[in-house]
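Here the structure comes first, spelled out in structure tokens, and everything after it is commentary.
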Amino acid sequence: MVRIRLARPGQGSAVEALVAVALGGDGEVALAGAFAAAIEAGGGRIRLPYGEGLVLVACPADDSGQVLGMLYVCPPIRLIDDCADLGRQVQQRLTEAVAEVELLAVAERARRRGIGGMLLDAARDTLRGRSCKLLYVKVRHDDKPVLGWYRRRGYQLLPQGQPIVIRVAGRPVGFADGTDGYRVLVKPI
Ligand SMILES: CC(C)(COP(=O)(O)OP(=O)(O)OC[C@H]1O[C@@H](n2cnc3c(N)ncnc32)[C@H](O)[C@@H]1OP(=O)(O)O)[C@@H](O)C(=O)NCCC(=O)NCCS
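Position 9 of the sequence shown, counting from 1, maps to 342 under this note's numbering, and the rest follow consecutively.
What follows is the structure, encoded as structure tokens:
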């Protein structure tokens with residue numbers, strides 16, 4: 334049995350090891366301990382310039398402290414920054430309404446047991462309770478297995494060059510158009 338819960342202090346380095354798996358070799362250097370430090374300081378709710386990021390972990394139900402998988406989801410910080418001229422209320426709405434699954438990884442030994450799917454479901458359920466309307470994820474354009482994995486879980490693959498469009502303050506705002514080497518998948522929640 335596996336349980337999904339918010340990360341807790343003491344799990345920082347185990348989560349960080351999975352962050353490196355999620356990002357591949359480059360990410361390890363780029364993050365350099367940031368996740369571990371944030372989790373050790375405050376657990377799985379990470380305060381951000383807008384709202385908070387959530388680190389969910391999959392752990393054995395026996396509470397042995399092992400971390401079998403992790404997911405990090407957060408508001409679209411760059412987009413919210415770009416909407417500064419539309420005012421604080423609009424930025425607040427964006428913070429609540431849209432979230433990105435930035436990182437997801439399951440330890441190799443624990444794959445194909447449904448843990449990745451459980452992490453995604455738990456993120457969706459948590460965000461739904463916070464009035465989030467749209468979840469999206471960016472996947473490397475040539476990573477066919479992972480693109481297929483999300484599609485089988487109801488995520489819609491946007492055509493390249495077609496941005497996610499949401500209405501903000503009555504006008505359409507487009508972002509994440511899949512022209513940066515990553516494809517974009519979206520799921521209403
Ligand atoms: C992508 C990833 C997160 C999937 O994690 P996972 O825990 O293996 O995912 P699941 O077990 O939910 O699904 C994997 C497959 O196992 C199958 N499966 C699920 N439960 C199962 C079970 N109890 N018994 C046998 N097979 C099962 C699923 O059907 C699924 O196959 P499908 O995609 O054809 O539907 C994992 O492969 C990973 O960490 N990859 C490296 C990092 C990465 O690419 N991250 C994503 C970047 S955005």
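Built from N, CA and C at the ideal position, the CB exists for glycine as well.
Given this structure, state the Cα-to-Cα distance separating arginine 380 from glycine 386, to the nearest angstrom.
6 Å
Please report the distance separating the alpha-carbon of alanine 347 from that of leucine 468.
25 Å
Should glutamine 495 be labelled buried (16 or more other beta-carbon atoms within 10 Å of its own) or exposed?
exposed
Would you kindly check if the distance between the Cβ of arginine 473 and the Cβ of tyrosine 405 is under 8 Å?
no
Rounded to whole angstroms, what's the CA-CA distance from alanine 502 to serine 397? Just pull it up for me.
48 Å
According to the Cβ coordinates, are valine 388 and valine 400 closer than 8 Å?
no
Would the beta-carbon of glycine 447 be found less than 7 Å away from any heavy atom of ligand 1?
yes
Euclidean distance between Cα positions of valine 506 and aspartate 395:
46 Å
In the DSSP output, what is proline 505 paired with across the bridge?
Arg500
By Cβ distance, which residues of its chain are closer than 7 Å to isoleucine 413, with the 5 residues on each side in sequence left out?
Tyr383, Gln424, Leu427, Thr428
Going along the chain, which unbroken runs of the beta strand (DSSP E) with 3 or more residues stay wholly within the segment 383-465?
385-393, 402-407, 431-439
Distance check for arginine 485 and alanine 410, CA to CA, integer angstroms please.
At residue 410 the sequence reads isoleucine, which differs from the alanine that was named. In a straight line, the C-alpha of isoleucine 410 is about 27 Å away from that of arginine 485.
Looking at ligand 1, does it come within less than 7 Å of valine 472, judged from the CB to the closest heavy atom?
yes
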